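Residue numbers (my numbering), protein chains in the order written: chain A, 6 to 324; chain B, 310 to 599.
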């Protein structure tokens with residue numbers, strides 16, 4: 006196992022010790038065997054401790070880990086027969102959004118996802134998961150098709166934000182996001198959104214107005230990237246960690262605030278440790294919620310979604 | 310000694326944008342346009358609806374000023390006046406104490422939050438409206454702005470009257486974290502219900518309208534109007550510049566840009582606003598009923 010995140014340093018050191026002992030193989034003395042066993046137990050416990058109490062910033066680091074599974078990985082691991090659809094029928098095809106029908110445990114669902122990209126070539130192809138207006142419009146087109154044909158929608162959310170460039174303004178990025186919020190809130194099929202990595206502000210919300218909002222255990226969801234928040238609050242991007250803590254962006258904190266419906270467990274040390282296990286956990290959660298939602302008559306489904314979002318917000322009244 | 314004869318201008322958030330009064334040698338109160346530096350005489354400036362007669366820059370209006378501009382005299386009835394923010398995250402960071410900031414803004418502006426909601430008539434036709442105010446934390450949207458806007462949209466559904474939202478905003482309120490982001494979905498959902506009830510929604514965009522407000526209700530109008538030269542964008546010039554490593558010329562992402570790129574219906578001068586809305590209310594009525 007590689008412990009490459011800064012807060013995993015103590016774990017990395019323990020592991021070095023373990024490897025040094027393990028290399029002795031047959032030649033381990035009895036007391037060294039005990040040392041090895043103890044060290045392995047220690048590593049397990051320390052990893053559990055750290056990962057049970059990750060700070061918001063540490064969670065962000067895990068959510069952004071370079072080996073963390075992306076949407077394409079989950080689609081490959083949990084779906085069959087995924088057929089990718091392309092284009093918004095107006096301007097072009099945004100590779101940051103990956104979408105199309107697939108079989109999930111034998112039933113058809115429509116996947117709507119952010120895809121970030123693993124190596125440099127992929128990252129550029131997928132624009133690092135920063136969707137353009139045509140990406141959101143592609144997702145709208147596909148969601149409307151799902152509604153027309155009566156299939157549920159599953160959104161895998163993983164973006165640091167919608168693309169903020171000038172050409173995106175020209176093509177109406179704000180309107181594209183807004184339109185999706187409007188559309189999804191009245192879509193007459195079940196929608197489940199799962200934040201698998203970064204839920205980056207409006208760019209994430211644009212595909213997560215859903216009947217159920219799930220978050221992988223070490224994912225984040227935020228109104229603005231911590232760096233952007235730091236810049237807005239203190240005119241300096243350097244205080245992202247403080248902003249992340251104050252805004253409570255981690256999945257665990259958001260669940261505690263009742264802002265999301267369920268946390269999907271990750272393998273010890275983060276999803277990047279075990280793609281298969283994480284995917285299995287995600288699949289189980291998706292199937293469970295899908296089964297519940299399918300029971301609801303459409304009007305009830307719509308009203309529950311409306312009331313779910315209606316209830317979000319804390320305020321008081323002047324006495 | 311400088312005497313104030315122009316209507317009270319909040320000293321706080323808008324002080325960088327509002328002109329500073331001074332006394333002209335002739336004795337009239339004078340303000341300087343922050344865009345073109347033209348000297349504007351207090352009473353003329355007021356009469357010109359706080360629009361610079363030389364460069365046409367539309368200064369920010371307070372919520373009350375906007376309502377007074379649009380409403381038939383005495384027709385405004387406020388709702389939800391008593392709703393206030395309660396610091397849901399207990400946001401304290403680097404000496405930024407949200408609860409204190411809220412209290413400070415309430416004192417400074419005399420407002421409880423960044424939006425006033427209620428209903429008016431324009432030429433006798435009823436209109437539910439929400440008017441945002443930049444002085445209260447830059448018009449940022451948190452739980453209360455979202456709640457009040459949703460309430461007034463639901464009021465429109467209940468009474469079957471059209472809804473107007475006048476936007477001005479620096480975006481979502483950081484200090485309320487994900488609660489703020491979710492207000493985008495909440496308000497958009499209410500507008501979707503309004504649409505299903507076949508009731509029109511008019512969006513008015515004023516300077517500046519950015520971020521989560523633009524990417525939700527501001528861009529969902531059945532009709533979307535903007536004042537001339539208003540900054541209207543998803544992120545804003547600074548973010549665009551940082552992301553693209555370029556320098557933008559002044560005022561690129563504004564109302565005219567949005568119109569040119571097919572994103573809004575019309576740019577309307579402030580003096581035409583009331584009349585335009587009256588016309589739209591007539592156009593969008595089915596023989597007087599909704």
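In this text, a Cβ means the ideal position worked out from N, Cα and C, and glycines have one as well.
From a predicted model like this one, the values you see are computed outputs, not experimental measurements.
Open item on the list: For residue 324 of chain B and residue 123 of chain A, what's the separation of their Cα atoms in angstroms?
Closed with: Position 15 of the second chain, counting from 1, holds the residue named residue 324 of chain B. Position 118 of the first chain, counting from 1, holds the residue named residue 123 of chain A. Confidence at residue 324 of chain B is low in this model, with a pLDDT of 40, below 50, so the placement of that residue should be treated as unreliable; the coordinate-derived value is given next. When rounded, the distance between both Cα atoms is 48 Å.
TODO: Give the range of the beta strand (DSSP E) segment to which residue 514 of chain B is assigned.
DONE: As a first step, residue 514 of chain B is located in the second chain; it is residue number 205 there, counting from the start. First-last of the beta strand (DSSP E) with residue 514 of chain B: 510-518.
Task: Neighbourhood of residue 508 of chain B by C-beta distance below 8 Å, restricted to the same chain and skipping five residues each side - done: Within the second chain, numbered from 1, the residue matching residue 508 of chain B stands at position 199. Closer than 8 Å at Cβ, skipping near neighbours: 465, 466, 469, 470, 471, 472, 599.
TODO: Go ahead and label residue 424 of chain B buried or exposed: buried means 16 or more other beta carbons lie within 10 angstroms of its beta carbon, across all protein chains shown.
DONE: Translated into the one-based positions of the second chain, residue 424 of chain B becomes position 115. Flag for residue 424 of chain B reads buried.
Open item on the list: Below 9 Å on C-beta distance, what does residue 227 of chain A contact in chain B?
Closed with: Against the first chain, residue 227 of chain A aligns to sequence position 222. In chain order: 486, 487, 490.
TODO: Take the Cβ of residue 445 of chain B as the centre, count every other Cβ of all protein chains shown within 10 Å, and call the residue buried at 16 or more, exposed below.
DONE: As a working mapping, residue 445 of chain B is identified with position 136 in the second chain. By the neighbour-count rule (16 or more Cβ atoms within 10 Å), residue 445 of chain B is buried.
TODO: Output the distance between the C-alpha atoms of residue 61 of chain A and residue 253 of chain A, rounded to the nearest integer angstrom.
DONE: In the first chain, counting from the first residue as 1, residue 61 of chain A sits at position 56. In the first chain, counting from the first residue as 1, residue 253 of chain A sits at position 248. Near 6 Å, if we compare the C-alpha coordinates of residue 253 of chain A and residue 61 of chain A.
Open item on the list: Here's the rule I'm using: 16 or more other beta-carbon atoms within 10 Å means buried, otherwise exposed. How should residue 125 of chain A be labelled?
Closed with: In the first chain, the residue the question calls residue 125 of chain A occupies position 120. Exposed, by the Cβ-count rule.
Open item on the list: Please classify residue 227 of chain A as buried or exposed, where buried requires at least 16 other C-beta atoms within 10 Å of its C-beta.
Closed with: Along the first chain, read from residue 1 onward, the residue named residue 227 of chain A stands at position 222. Buried, because 16 or more other Cβ atoms sit within 10 Å of the Cβ of residue 227 of chain A.
- [ ] Per DSSP, which residues does residue 321 of chain A bridge with? Please list them.
- [x] The residue you call residue 321 of chain A lines up with position 316 of the first chain. Its beta-bridge partners are B:393.
TODO: Using a Cβ cut-off of 8 Å (strictly closer), state whether residue 295 of chain A contacts chain B.
DONE: For this step, residue 295 of chain A is matched to residue 290 along the first chain. It does not: the Cβ of residue 295 of chain A has no partner Cβ on chain B nearer than 8 Å.
TODO: Please list, in chain order, all residues of the same chain as residue 229 of chain A whose beta carbon is under 6 Å from its beta carbon, the five residues on each side excluded.
DONE: For the purposes of this step, residue 229 of chain A is taken as residue 224 along the first chain, with counting starting at 1. Cβ within range, chain order: 206.
- [ ] Could you have a look at residue 567 of chain B and say whether DSSP puts it in helix, strand or coil?
- [x] Against the second chain, residue 567 of chain B aligns to sequence position 258. Here residue 567 of chain B sits in helix by DSSP.
Task: Nearest-angstrom Cβ-Cβ length linking residue 41 of chain A and residue 26 of chain A, presumed shorter than 8 Å - done: Along the first chain, one-based indexing puts residue 41 of chain A at 36. Along the first chain, one-based indexing puts residue 26 of chain A at 21. Going by Cβ atoms, the distance from residue 41 of chain A to residue 26 of chain A rounds to 4 Å, so yes, they are a contact pair.
TODO: Indicate whether at least one CB of chain A lies closer than 8 Å to the CB of residue 568 of chain B.
DONE: Taking the second chain and counting its residues from 1, the one referred to as residue 568 of chain B is at position 259. No, no contact with chain A.
- [ ] On the DSSP bridge assignment, give the partners of residue 162 of chain A in chain order.
- [x] Counting from one through the first chain, the residue named residue 162 of chain A turns up at place 157. In the DSSP output, where bridge partners are listed per residue, residue 162 of chain A has A:200.
Task: Euclidean distance between Cα positions of residue 239 of chain A and residue 193 of chain A - done: The residue you call residue 239 of chain A lines up with position 234 of the first chain. The residue you call residue 193 of chain A lines up with position 188 of the first chain. Looking at the two C-alpha atoms, the distance is approximately 43 Å.
Open item on the list: How far does the beta strand (DSSP E) with residue 431 of chain B in it extend, from its first residue to its last?
Closed with: Here the question's residue 431 of chain B lines up with position 122 in the second chain. Here the beta strand (DSSP E) through residue 431 of chain B covers 424-431.
Task: Residues of the segment 140-169 of chain A with Cβ closer than 9 Å to any Cβ of chain B, in chain order - done: 166, 167, 168, 169
TODO: Count the other CB atoms, across all protein chains shown, that sit within 10 Å of the CB of residue 421 of chain B; report buried if there are 16 or more and exposed otherwise.
DONE: The sequence position of residue 421 of chain B within the second chain is 112, counting from 1. Buried.
Task: Under 8 Å between C-beta atoms of residue 196 of chain A and residue 291 of chain A - done: Here the question's residue 196 of chain A lines up with position 191 in the first chain. Here the question's residue 291 of chain A lines up with position 286 in the first chain. No, they are not a contact pair.
Open item on the list: For residue 14 of chain A and residue 484 of chain B, what's the separation of their Cα atoms in angstroms?
Closed with: For the purposes of this step, residue 14 of chain A is taken as the residue at position 9 of the first chain. For the purposes of this step, residue 484 of chain B is taken as the residue at position 175 of the second chain. In a straight line, the C-alpha of residue 14 of chain A is about 32 Å away from that of residue 484 of chain B.
TODO: Can you say whether residue 324 of chain A is buried or exposed, counting buried as having 16 or more other CB atoms within 10 angstroms of its CB?
DONE: As a position in the first chain, residue 324 of chain A is number 319, starting the count at 1. Label assigned to residue 324 of chain A: exposed.
Open item on the list: Based on DSSP bridge pairs, tell me the residues matched to residue 578 of chain B.
Closed with: Stepping through the second chain from its first residue, residue 578 of chain B is reached at position 269. Bridge partners of residue 578 of chain B: none, in fact.
- [ ] Identify the continuous beta strand (DSSP E) that holds residue 226 of chain A and give its terminal residues.
- [x] In the first chain, counting from the first residue as 1, residue 226 of chain A sits at position 221. Element bounds for residue 226 of chain A: 225-227.
Open item on the list: Counting only C-beta atoms, is residue 200 of chain A closer than 8 Å to chain B at any point?
Closed with: Taking the first residue of the first chain as 1, we reach residue 200 of chain A at position 195. Chain B contact via Cβ: absent.
Task: Contact list for the segment 245-263 of chain A against chain B, Cβ threshold 8 Å - done: 247, 248, 250, 251, 252, 253, 254, 259, 262
Task: Start and end residues, beta strand (DSSP E) containing residue 535 of chain B - done: Residue 535 of chain B sits at position 226 when you count from the first residue of the second chain. Start and end: 532-535.
- [ ] Can you tell me which of the three DSSP states residue 405 of chain B falls into?
- [x] As a position in the second chain, residue 405 of chain B is number 96, starting the count at 1. Strand, per DSSP.
TODO: Select from A:236, A:277, A:317 the residue whose C-alpha is nearest the C-alpha of residue 262 of chain A.
DONE: In the first chain, the residue the question calls residue 262 of chain A occupies position 257. Here the closest residue by C-alpha is A:317.
TODO: Return the first residue and the last residue of the beta strand (DSSP E) that residue 105 of chain A is part of.
DONE: The residue given as residue 105 of chain A occupies position 100 in the first chain. Segment 102-109, the beta strand (DSSP E) holding residue 105 of chain A.
TODO: Would you list, in sequence order, the uninterrupted beta strand (DSSP E) runs of no fewer than 3 residues that lie entirely inside the segment 61-136 of chain A?
DONE: 102-109, 112-119
Task: 8 Å contact criterion, which residue 539 of chain B and residue 574 of chain B should meet: CB distance rounded - done: Mapped onto the second chain, residue 539 of chain B falls at position 230. Mapped onto the second chain, residue 574 of chain B falls at position 265. In fact, because the Cβ distance is near 14 Å, the residues do not count as touching under 8 Å.
Task: Continuous alpha helix (DSSP H) stretch holding residue 303 of chain A: start and end - done: As a position in the first chain, residue 303 of chain A is number 298, starting the count at 1. Looking at the DSSP string, the run of the alpha helix (DSSP H) that includes residue 303 of chain A is 303-315.
Open item on the list: Cβ closer than 7 Å: which chain A residues qualify as neighbours of residue 514 of chain B?
Closed with: The sequence position of residue 514 of chain B within the second chain is 205, counting from 1. Result: empty, since nearest Cβ-Cβ is about 10 Å, beyond 7 Å.
Open item on the list: Please list, in chain order, the chain B residues whose beta carbon lies closer than 8 Å to that of residue 173 of chain A.
Closed with: If you number the first chain from 1, residue 173 of chain A lands on position 168. What residue 173 of chain A touches in chain B: 543.
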